[in-house]
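**Student:** Would you mind keeping the following structure in view while I ask a few things?
Residue numbers (UniProt numbering): 1 to 301.
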């Protein structure tokens, strides 16, 4: 048993409250099943997904300093289930903590803008953590295994880490950014079989999709083809933007690469919650563009 209830300031992000509503739904179901308390930051703003800094680094830092400050007000670590949000907010937090020593004038500038808008100042007193690493390092794989009621035996899962989760911060204390194992270890903890393939740590193509759609879809198609060739029953991703490019746009990807794919793409929270006995309906598995029925049938649903 855990010595205390885990509690986080929850930053759901934009995509999970819109196009990937099932991610918001399944994160709530998963954390409830594990007894993790989430305090949702309802006043938080979009992290910008890395686009704010194209116009102004100060803008990106200030917007996300405010998001971090909302968690600091609660004296809680900030938790997100989006790799992109983790990358952007985590990088800003790391950068601003360094500036507290190396460039205090900049911190004053950021906090001055926050004060002008009636916001709490950034203090650098908390951490930003993705759901994956909160489960692995704070909750523990052994504890999760103890709570498994439906082992995902025989299900072959291909992790898709994406870019931001592994590379956005200078230090990655939770995993090896070049040879990560956190997701594969999680698959084994819930009884599934991890599948290794070339594209698991590469970009899904989403950042290119607005101005180089064909190239974006070719990238996504290449990764899905590699996962299929390696024997995967599904791709599992900790990033809703990766999910959009790999699942929601998979029919368009098929047209670009002129090949039928049909590989289901699950959110990490959905996969774990299934093993904890949460029903597919509670996890929004019917919302996916690529049908998840083959996964559910393999698990005996």
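All residues carry an ideal CB built from backbone N, CA and C; glycine is no exception.
Mark residue 255 as exposed unless 16 or more other C-beta atoms lie within 10 angstroms of its C-beta, in which case mark it buried.
**Tutor:** The residue in question, residue 255, is exposed, as its Cβ has fewer than 16 Cβ neighbours within 10 Å.
**Student:** Taking the continuous beta strand (DSSP E) assigned at residue 7, which residues delimit it?
**Tutor:** 7-11 is the span of the beta strand (DSSP E), which, as asked, contains residue 7.
**Student:** May I ask which residues mark the beginning and end of the beta strand (DSSP E) holding residue 157?
**Tutor:** Its beta strand (DSSP E) spans residues 156-159.
**Student:** Where DSSP assigns a beta bridge to residue 267, which residues make up the other side?
**Tutor:** In DSSP, residue 267 forms a bridge with 237.
**Student:** Indicate whether residue 250 and residue 266 have their beta-carbon atoms separated by less than 9 Å.
**Tutor:** For residue 250 and residue 266, no; Cβs fall outside 9 Å.
**Student:** Smallest Cα separation from residue 93: which of 124, 27, 112, 162?
**Tutor:** The shortest C-alpha separation from residue 93 is found at 124.
**Student:** In terms of residues, what are the limits of the beta strand (DSSP E) holding residue 128?
**Tutor:** 128-130 is the span of the beta strand (DSSP E), which, as asked, contains residue 128.
**Student:** Shortest alpha-carbon distance to residue 299 belongs to which of 280, 80, 88?
**Tutor:** Nearest of 280, 80, 88 to residue 299, Cα basis: 280.
**Student:** From the DSSP output, in three-state form, read off residue 193 for me.
**Tutor:** Residue state, collapsed to three classes: strand.
**Student:** Could you tell me which of 229, 212, 39 sits nearest to residue 157, measuring between CA atoms?
**Tutor:** The residue with the shortest Cα to Cα distance from residue 157 is 229.
**Student:** So residue 167 packs on residue 275, CB below 8 Å; how close in whole Å?
**Tutor:** Contact doesn't hold; Cβ gap of about 29 Å is too wide.
**Student:** In terms of residue numbering, what span does the beta strand (DSSP E) encompassing residue 208 cover?
**Tutor:** Per DSSP, residue 208 belongs to no beta strand (DSSP E) and is neither H nor E.
**Student:** Do residue 194 and residue 159 have their CB atoms nearer than 9 Å?
**Tutor:** Closer than 9 Å, so yes.
**Student:** Under a Cβ-count criterion, where at least 16 other Cβ atoms within 10 Å of its own Cβ denotes burial, should residue 84 be classed as buried or exposed?
**Tutor:** That one is buried.
**Student:** Do you know whose CA, among 131, 63, 141, 273, lies nearest residue 52's CA?
**Tutor:** Among 131, 63, 141, 273, the Cα nearest to that of residue 52 is on 63.
**Student:** Could you tell me which whole beta strand (DSSP E) segments of length 3 or greater appear in the segment 21-53?
**Tutor:** 37-40, all fully within the segment 21-53.
**Student:** Among the candidates 107, 139, 143, whose CA atom is the shortest distance from the CA of residue 129?
**Tutor:** Comparing Cα positions, the closest option is 139.
**Student:** For the ligand HEM, is there a heavy atom less than 8 Å away from the beta-carbon of residue 71?
**Tutor:** Judged by which ligands are present, the structure shown has none, so any question about the ligand HEM falls away.
**Student:** Going by DSSP in three states, residue 76 sits in which element: helix, strand or coil?
**Tutor:** Residue state, collapsed to three classes: coil.
**Student:** Is the segment 209-222 touching the segment 175-194, taking contact as three or more C-beta pairs under 8 Å?
**Tutor:** Cβ pair count under 8 Å is below three, so no.
**Student:** Could you give the C-beta distance for residue 82 and residue 15, rounded to a whole number, given that I count them as a contact under 8 Å?
**Tutor:** Confirmed, Cβ separation roughly 7 Å.
**Student:** From what residue to what residue does the alpha helix (DSSP H) around residue 106 run?
**Tutor:** Where residue 106 is concerned, the enclosing alpha helix (DSSP H) stretches over 104-116.
**Student:** May I have the straight-line CA-CA distance separating residue 253 from residue 208, to the nearest angstrom?
**Tutor:** Cα-Cα distance, rounded: 13 Å.
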